[in-house]
Amino acid sequence: MYKYTCEGDISCGVNIVKDKKNMTDLEKKHSPVISAPGKVNKGELFEVTVEVGKYMKHPNTMGHFIQWIELYSGNTFLGRAEFTPEFSDPKIKMVVMLKHGHPLIAVERCNLHGIWSSEPKSIKVV
Ligand SMILES: [Fe+2]
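Counting in our numbering, the sequence shown runs from 398 upward without gaps.
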């Protein structure tokens, strides 16, 4: 995919953590974190967990909340979960299967702080 430049405007494009060893509070609250096996069998279902706010709790109020999380294998869409503030927390477990060893990528949207991507999670498909 083509990369557009937004020059620090978090409402533009897709935000990612700049320096994993020195994350800002904004990055800690918004970066989706993927938990998945490092190796899976081609065509077999397995579980992936995605959590927003793992490093630092994100607000979950009517005025400020995580609206949705999507999961991809490379550029291939795997699934999406939407949230109602206060009643649901932005942590999901998704059951998926892969045919290719493209990295898993989770993307989320905060209603105030825009769209954030996880770092790609490498996964070996055998
Ligand atoms: Fe936010």
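For glycine and all other residues, C-beta sits at the position ideal for the given N, C-alpha and C.
Compute every distance between the C-beta of residue i and the non-hydrogen atoms of ligand 1, then say whether any falls below 7 angstroms.
i: His497; result: no
i: Cys507; result: yes
i: Lys518; result: no
i: Lys426; result: yes
Select from the options the residue whose C-alpha is nearest the C-alpha of residue i.
i: Val522; options: Cys403, Lys439, Leu509; result: Lys439
i: Lys488; options: Lys518, Gly450, Pro456, Arg506; result: Gly450
i: Val504; options: Phe474, Val492, Ser519; result: Phe474
i: Thr446; options: Asn472, Lys400, Ile466, Ile512; result: Ile466
i: Pro517; options: Glu424, His497, Asn457, Gly471; result: Gly471
Where does residue i sit, in a helix, a strand or coil, going by DSSP?
i: Glu424; result: helix
i: Lys400; result: coil
i: Lys439; result: coil
Compute the beta-carbon to beta-carbon distance between residue i and residue j, rounded to the nearest angstrom, for a pair I have assumed lies under 8 angstroms.
i: Glu441; j: Lys490; result: Not really, about 16 angstroms apart at Cβ, beyond 8 angstroms.
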